[in-house]
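Oh and the sequence shown: position 69 is 1033 in the working numbering, straight run, nothing missing. Note that beta-carbon positions come from the ideal geometry of N, C-alpha and C, so glycine has one too. A short worksheet on the structure shown next.
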Amino acid sequence: MRRGSRKGGACRGSRLPAAAGPAMGSRLRLCGAALAMAGGAALAAWAWTRLRGRGAGRGEPPAPRLGPVPSIGVAPQGKRQGRQILVLGLDGAGKSSLLQALATNQVKRSLAPTEGFNAVCIATEESQMEFLEIGGSESLRSYWKMYLPQVLLLIYVVDSADHARLPVAKQLLHQLVENNSTLPVVVLAHKQDLEGAYCITDIHDALALSDIGDKRKMFLIGTHVAEDGSEISSSMKDAKELIAELFLEMQALFLQHNSCSCGR
Ligand SMILES: Nc1nc2c(ncn2[C@@H]2O[C@H](COP(=O)(O)OP(=O)(O)OP(=O)(O)O)[C@@H](O)[C@H]2O)c(=O)[nH]1
Ligand SMILES: [Mg+2]
């Protein structure tokens, strides 16, 4: 396996330029520090302003809540169907840290492993995004698949420097989406700040993303949350904008589908 550059940017000696896309056979967009997009123009209009404000309390999004894994079929599922974004990945990949940063625009690394689920809400002018992280430890992975049918979008986080566990991360991702050929997937190649972190091209290869169907929308973005207290990196902002836009798009499709079903 080749080693890549840090910081989620261009990949030294990579076979794929930052803006490569169609040649990969799927609708994957590779996104570096500047969120290079390629191929057909899904998500052309970024709407960062939609993400501002309307959180709980003093305009701040609520802090992540921790809790036990809910029984399947009850909250946080149920009537929230069609609004949730599922966040999965191996333990320690950085899911909670990422969510914290996305919710507050500030970096504050989470240190405690998620022992159940972690629900984070980000309100936008148009909708309310509900992120649901299920912890990545082995005992919790059996719950992952149960949440898939009712979410609009899957965010899959990998620790780009955890080379040894990339094959496991790949296997789990492939198992997750094997029976769902259209669920959009955003892969976050996280911890790009770490020495030895694989760049997005290497992560693309290690996860065999080309093999995950050609019907779904798929994106790969390098991210990191570097320093406590600092503002989030531009790649994190790009990821947030991408997720918000994709979420709105999928929610519109979901509502359209539901109203058609009701009219029958
Ligand atoms: N260097 C570096 N460390 C990070 C980054 N993001 C998170 N971490 C650290 O990685 C460790 C795990 O982070 P978490 O956010 O708890 O990981 P998780 O995926 O939520 O793990 P589980 O809840 O156990 O599934 C923590 O010590 C974080 O401080 C990053 O971008 N760079
Ligand atoms: Mg966590």
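Quiz item: Would DSSP call Ile1196 helix, strand or coil?
Solution: DSSP, read as helix, strand or coil, puts Ile1196 in coil.
Quiz item: Hey, Leu1116 and Ile1176: beta-carbon distance below 8 Å or not?
Solution: Taking 8 Å as the Cβ cut-off, Leu1116 and Ile1176 do not qualify as a contacting pair.
Quiz prompt | Cut-off 8 Å between Cβ atoms - residues of its own chain near Ala1172, not counting five sequence neighbours on either side | solution = Counting only Cβ-Cβ distances below 8 Å, and skipping sequence neighbours, we find Lys1134 and His1138.
Quiz item: Out of curiosity, what's the CA-to-CA distance linking Ala1076 and Ser1061?
Solution: Ala1076 and Ser1061: Cα-Cα distance of roughly 10 Å.
Quiz item: Does the Cβ of Val1121 lie closer than 7 Å to at least one heavy atom of ligand 1?
Solution: The answer is yes for Val1121.
Quiz item: Is the beta carbon of Asp1123 sitting closer than 8 Å to the one on Gly1056?
Solution: Yes, the Cβ-Cβ distance between Asp1123 and Gly1056 is below 8 Å.
Quiz item: Between the stretch 1143-1162 and the stretch 1179-1190, do three or more beta carbon pairs fall short of 8 Å?
Solution: Segment contact: the stretch 1143-1162 against the stretch 1179-1190, three or more CB-CB distances shorter than 8 Å; contact assigned.
Quiz item: Which residues mark the beginning and the end of the alpha helix (DSSP H) in which His1138 is found?
Solution: Element bounds for His1138: Leu1130 to Val1141.
Quiz item: Is any beta-carbon of chain C found at less than 8 Å from that of Ser1124?
Solution: The displayed structure is made up of one protein chain only, and chain C is not part of it.
Self-check item: Ser1101 beta carbon near ligand 1 (any heavy atom closer than 7 Å)
Solution: Answer for Ser1101: yes, Cβ within range of ligand 1.
Quiz prompt | Between the CA atoms of Pro1113 and Ala1153 - distance to the nearest angstrom | solution = If I take the Cα positions, the gap works out to 24 Å.
Practice problem: Kindly give me the distance between the Cβ atoms of Lys1098 and Ala1067, rounded to whole angstroms, as I take these residues to be in contact under 8 Å. | Solution: The residue you asked about is not Lys; residue 1098 is Ile in the sequence shown. Cβ atoms of Ile1098 and Ala1067 stay farther apart than 8 Å, at about 17 Å.
Exercise. Identify every residue that forms a DSSP beta bridge with Asp1123.
Key: In the DSSP output, where bridge partners are listed per residue, Asp1123 has His1154.
Quiz item: For Leu1052 versus Tyr1120, is the C-beta spacing smaller than 8 Å?
Solution: In terms of Cβ geometry, Leu1052 and Tyr1120 form a close pair [threshold 8 Å].
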